[in-house]
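K.L.:
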Amino acid sequence: MTQHDPALLSAALSGAERAINQAILLAPTSHSALKALDGTLIGVEITSLELTLYLALAPGPEVRLLSHCEDKTATFVRGSLEDFATLITSEDPAATLINSGIELQGSSASLIRLQQVISQMDIDWEAPLVERLGDVTGHQLAEALRSLFRWGEGARKSLKRQLSEYLLEEGRLTPPKLELEHFFDGVQSLSMRVEKAQVKAEKLLAKAAARRAQQ
Amino acid sequence: MNDDAIDTSHSDDSTDFGFTRVDRAAKASLVREVFDSVASRYDLMNDLMSGGIHRLWKRFTIELSAARAGQTILDIAGGTGDLAAKFSRLVGPDGRVILADINAAMLEVGRDRLIDKGATGNIDVVQADAQSLPFEDGSIDCITIAFGLRNVTDKAMALRSMLRVLRPGGRLLVLEFSKPTSPLLAKIYDQYSFQVLPAMGKLIAQDADSYRYLAESIRKHPDQETLLGLMEEAGFANVSYHNMTGGIVAVHRGFKA
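Those protein sequence lines, which keep their order, are chains A and B. For the first sequence, my numbering begins at 292 and goes up steadily by one. For the second sequence, my numbering begins at 24 and goes up steadily by one.
1. Going along chain B in order, which residues have a C-beta closer than 7 Å to the C-beta of residue 361 of chain A?
2. Where DSSP assigns a beta bridge to residue 345 of chain A, which residues make up the other side?
3. List the endpoints of the continuous beta strand (DSSP E) containing residue 83 of chain B.
4. Can the beta-carbon of residue 401 of chain A be found closer than 7 Å to that of residue 331 of chain A?
5. Which residues in chain B have a C-beta closer than 7 Å to the C-beta of residue 438 of chain A? List them in chain order.
6. Put residue 54 of chain B into one of helix, strand or coil per three-state DSSP.
7. Given residue 335 of chain A, which residues of its chain have a CB within under 6 Å of its CB, disregarding the five upstream and five downstream residues?
8. For the segment 223-238 of chain B against the segment 53-73 of chain B, do three or more pairs of beta-carbon atoms, one drawn from each stretch, fall closer than 8 Å, so that the two count as touching?
9. Can you give me the start and stop residues for the beta strand (DSSP E) that residue 275 of chain B sits inside?
10. Distance check for residue 50 of chain B and residue 25 of chain B, CA to CA, integer angstroms please.
11. I'd like the list of long-range same chain contacts for residue 436 of chain A, defined as Cβ closer than 6 Å, with 5 residues on each side in sequence excluded.
12. Would a C-beta distance cut-off of 7 Å place residue 270 of chain B and residue 210 of chain B closer than the cut-off?
13. With residue 315 of chain B as the anchor, note down where its alpha helix (DSSP H) starts and where it stops.
14. Counting along the chain, where does the alpha helix (DSSP H) carrying residue 309 of chain A start and finish?
15. What separation, rounded to the nearest whole angstrom, lies between the Cα atoms of residue 395 of chain A and residue 389 of chain A?
16. Please classify residue 313 of chain A as buried or exposed, where buried requires at least 16 neighbouring CB atoms within 10 angstroms.
17. Decide yes or no for the touch test of the segment 184-198 of chain B against the segment 152-166 of chain B: beta carbon pairs closer than 8 Å, at least 3 of them.
18. Under 7 Å between beta-carbons, which chain A residues line up against residue 265 of chain B? List them in chain order, please.
19. Evaluate residue 234 of chain A with the Cβ neighbour count: other Cβ atoms within 10 Å of its Cβ, from every protein chain shown; 16 or more gives buried, anything less gives exposed.
20. Can you list, in chain order, the residues of its chain with a C-beta nearer than 7 Å to that of residue 387 of chain A? Leave out the 5 residues immediately preceding and following it.
21. Once you ignore the five residues that flank residue 320 of chain A on each side, which residues in its own chain have a CB closer than 6 Å to its CB?
22. Go ahead and pull the three-state DSSP assignment for residue 412 of chain A.
23. Interface residues of chain A around residue 82 of chain B at Cβ under 7 Å?
24. Report the three-state DSSP secondary structure of residue 372 of chain A (helix, strand or coil).
25. Relative to the alpha-carbon of residue 339 of chain A, which residue among A:318, A:370, A:329, A:464 has its alpha-carbon at the smallest distance?
26. Under a CB-based cut-off of 7 Å, is residue 199 of chain B close to chain A?
27. Please look up how many angstroms separate the CB atoms of residue 21 of chain B and residue 109 of chain B, rounded, as I've assumed it's under 8 Å.
28. Closest to residue 391 of chain A by C-alpha separation, out of A:498, A:373, A:398, would be which residue?
29. Give me the Cβ distance between residue 83 of chain B and residue 254 of chain B, rounded to the nearest whole Å; I'm assuming they're in contact under 8 Å.
30. By Cβ distance, which residues of its chain are closer than 8 Å to residue 241 of chain B, with the 5 residues on each side in sequence left out?
31. Let me make sure I understand the geometry here. Which of A:359, A:329, A:347 has the alpha-carbon closest to that of residue 300 of chain A?
32. Would you call residue 333 of chain A buried or exposed, if buried means 16 or more other Cβ atoms sit within 10 Å of its Cβ?
33. Go ahead and label residue 79 of chain B buried or exposed: buried means 16 or more other beta carbons lie within 10 angstroms of its beta carbon, across all protein chains shown.
34. For residue 452 of chain A, does the count of other Cβ atoms within 10 angstroms reach 16, so buried, or fall short, so exposed?
35. Take residue 428 of chain A and list the residues in its own chain whose beta-carbon comes closer than 7 Å to its own, dropping the five residues that flank it on each side.
36. Verify whether the separation of the beta carbon atoms of residue 145 of chain B and residue 111 of chain B is less than 7 Å.
In structure tokens, the structure reads:
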């Protein structure tokens, strides 16, 4: 059981839940994918905050965030806030799940599917803006926001690419991915050869010991 | 308020009505007068008095209920029906929610609100006294009583009645004002309860006395450990509680073995 004040936690979860469900309402293309996950219950323990919460997908589709849940979770993940932030924004959630510090109990399938649905969610900001501000103003504001988001996304990708190039090529601070994978393959192959040699040596020693005993 | 019923002597037949002692037989009608007076603006006042935090306390209580489809939930002193509306969605069309209150005016407001919210198919509205619940033994999966137990004349009798109607394994959740855990918070809370709260009651519901009673009844209500003991004495098992907002409110949970 978490040590946080349940009312404070409820406030945080209630706000997050409302924001998520509002985003779902504005992203109708994600509804069929979310409906397929109906009934999914994922337990999340954020170690850095000493916080356990549960994410339940209900018909609607609707997301419920709970601080207390007695149902059995098919998936339970444990990690730091940083690990989860990385997972949510990851382009390859399966690889992130394996390589990050996140501990997983149960099935990873629904978690990976949910991450994919969230990352591919196409929120239609125009509808609520048009509803509140009228057709012309709403559409113009939505266009401006879209341009801003596109620019932001472009800038993020560009920064990521440039940073990666600097770390790999200019600064030589980290090895390239292929080089690293080759190194890991080599280590794994060496480890297997050592294990085989060890087994062979143990057999030979056992044989020698048996011969000495016969003499 | 009926002043004739107020008795300052401490005979065995008397009980607390806020900071005043009254005849046990008179308490129910005095409490009814209070809630008749505040019924129409009860939710608005709750929002103003708690800054909306009562919704968060109730949200956590609903989580602790572990309510699921097909269950029967009894919400005692359910008044304006905010818990019942949420339970109605959780238990679904195969489940049943009973909204019970001793006060007809509160039930009327609650029933109207539920109709407005479209929560009607699986909800029954019943005027009932918590001390003698008109339900079959072992017929309820979960009982909630939110901010209602302190107004009940005989709490032990009410708890026994709740235990009787629960199914084995069923649970009772008592959400009620309690004792702040920090002395500083207790002082601030006292000032708020006895200065601000009646003033707000006067301003919004034109009824300072009723809100003064509500503040006094909170102080006379058993603290966390005492209520836990009462629930255990009534026969509940695995009783525990969670303090919320520094102990201003606590939710107690007990199971029928």
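We put the beta carbon where it would ideally sit given N, CA and C, even for glycine.
P.N.:
The relevant details are as follows:
1. Taking the first residue of the first sequence as position 1, residue 361 of chain A is located at position 70. Simply 89.
2. In the first sequence, residue 345 of chain A corresponds to position 54, counting from 1. Looking at the DSSP assignment, residue 345 of chain A forms a beta bridge with A:334, A:357.
3. Position 60 of the second sequence, counted from the first residue, corresponds to residue 83 of chain B. It is not in any beta strand (DSSP E) - residue 83 of chain B instead sits in the alpha helix (DSSP H) that spans 76-88.
4. The sequence position of residue 401 of chain A within the first sequence is 110, counting from 1. The sequence position of residue 331 of chain A within the first sequence is 40, counting from 1. In contact: residue 401 of chain A and residue 331 of chain A (Cβ atoms closer than 7 Å).
5. As a first step, residue 438 of chain A must be located in the first sequence, where it is residue number 147. Listed along chain B, no residue sits closer than 7 Å to residue 438 of chain A by beta-carbon distance, the nearest being about 37 Å off.
6. For the purposes of this step, residue 54 of chain B is identified with residue 31 of the second sequence, where counting begins at 1. Three-state DSSP puts residue 54 of chain B in a helix.
7. By one-based count along the first sequence, residue 335 of chain A stands at place 44. Correct list, in chain order: 344, 368.
8. yes
9. Indexing the second sequence from 1 puts residue 275 of chain B at position 252. 272-278 is the extent of the beta strand (DSSP E) around residue 275 of chain B.
10. Along the second sequence, one-based indexing puts residue 25 of chain B at 2. Along the second sequence, one-based indexing puts residue 50 of chain B at 27. Summary for residue 25 of chain B: the model assigns pLDDT 40, below 50, so the residue's position carries little reliability; its value from the coordinates is reported in the next sentence. Using only the alpha carbons, I get a separation of about 10 Å.
11. The residue you call residue 436 of chain A lines up with position 145 of the first sequence. Here the set comprises 416.
12. Counted from its first residue, the second sequence places residue 270 of chain B at position 247. Counted from its first residue, the second sequence places residue 210 of chain B at position 187. Taking 7 Å as the Cβ cut-off, residue 270 of chain B and residue 210 of chain B do not qualify as a contacting pair.
13. Nothing about residue 315 of chain B can be read from this structure; chain B reaches only from 24 to 280.
14. To locate residue 309 of chain A, count along the first sequence from 1; it is residue 18. Note, residue 309 of chain A: alpha helix (DSSP H), 297-316.
15. The count along the first sequence starts at 1 and reaches residue 395 of chain A at position 104. The count along the first sequence starts at 1 and reaches residue 389 of chain A at position 98. So the alpha carbons of these two residues sit roughly 9 Å apart.
16. The count along the first sequence starts at 1 and reaches residue 313 of chain A at position 22. So residue 313 of chain A ends up on the exposed side.
17. yes
18. Position 242 of the second sequence holds residue 265 of chain B. Simply 297.
19. What is shown of chain A runs 292 to 506, which leaves residue 234 of chain A out entirely.
20. As a working note, residue 387 of chain A is residue 96 in the first sequence. Correct list, in chain order: 377, 378, 381.
21. Taking the first residue of the first sequence as 1, we reach residue 320 of chain A at position 29. For residue 320 of chain A, where only same-chain residues beyond five positions count, the Cβ hits under 6 Å are 413.
22. Here residue 412 of chain A refers to the residue found at position 121 of the first sequence. Residue 412 of chain A falls in the coil class under three-state DSSP.
23. Looking up residue 82 of chain B in the second sequence gives position 59. The answer, in chain order, is 301, 305.
24. The residue labelled residue 372 of chain A in the question sits at position 81 within the first sequence. Here residue 372 of chain A sits in helix by DSSP.
25. On the first sequence, residue 339 of chain A is found 48 positions in, with the first residue counted as 1. Nearest option by C-alpha distance: A:370.
26. Taking the second sequence and counting its residues from 1, the one referred to as residue 199 of chain B is at position 176. Not one chain A Cβ lies under 7 Å of residue 199 of chain B.
27. In the structure as shown, chain B starts at 24 and stops at 280, and residue 21 of chain B therefore has no counterpart that could be examined.
28. Walking along the first sequence from the start, residue 391 of chain A turns up at place 100. Comparing Cα positions, the closest option is A:373.
29. Position 60 of the second sequence, counted from the first residue, corresponds to residue 83 of chain B. Position 231 of the second sequence, counted from the first residue, corresponds to residue 254 of chain B. Not really, about 18 Å apart at Cβ, beyond 8 Å.
30. For this step, residue 241 of chain B is matched to residue 218 along the second sequence. Closer than 8 Å at the Cβ level, and outside the excluded window around residue 241 of chain B, lie 173, 200, 216.
31. Counting from one through the first sequence, the residue named residue 300 of chain A turns up at place 9. For residue 300 of chain A, the nearest C-alpha among the options comes from A:359.
32. Taking the first residue of the first sequence as position 1, residue 333 of chain A is located at position 42. Answer is buried; the Cβ neighbour count reaches 16.
33. In the second sequence, residue 79 of chain B corresponds to position 56, counting from 1. So residue 79 of chain B ends up on the buried side.
34. To locate residue 452 of chain A, count along the first sequence from 1; it is residue 161. By the 10 Å Cβ count, residue 452 of chain A comes out exposed.
35. The residue labelled residue 428 of chain A in the question sits at position 137 within the first sequence. Here the set comprises nothing.
36. Indexing the second sequence from 1 puts residue 145 of chain B at position 122. Indexing the second sequence from 1 puts residue 111 of chain B at position 88. Their beta carbons are under 7 Å apart, which means residue 145 of chain B touches residue 111 of chain B by this criterion.
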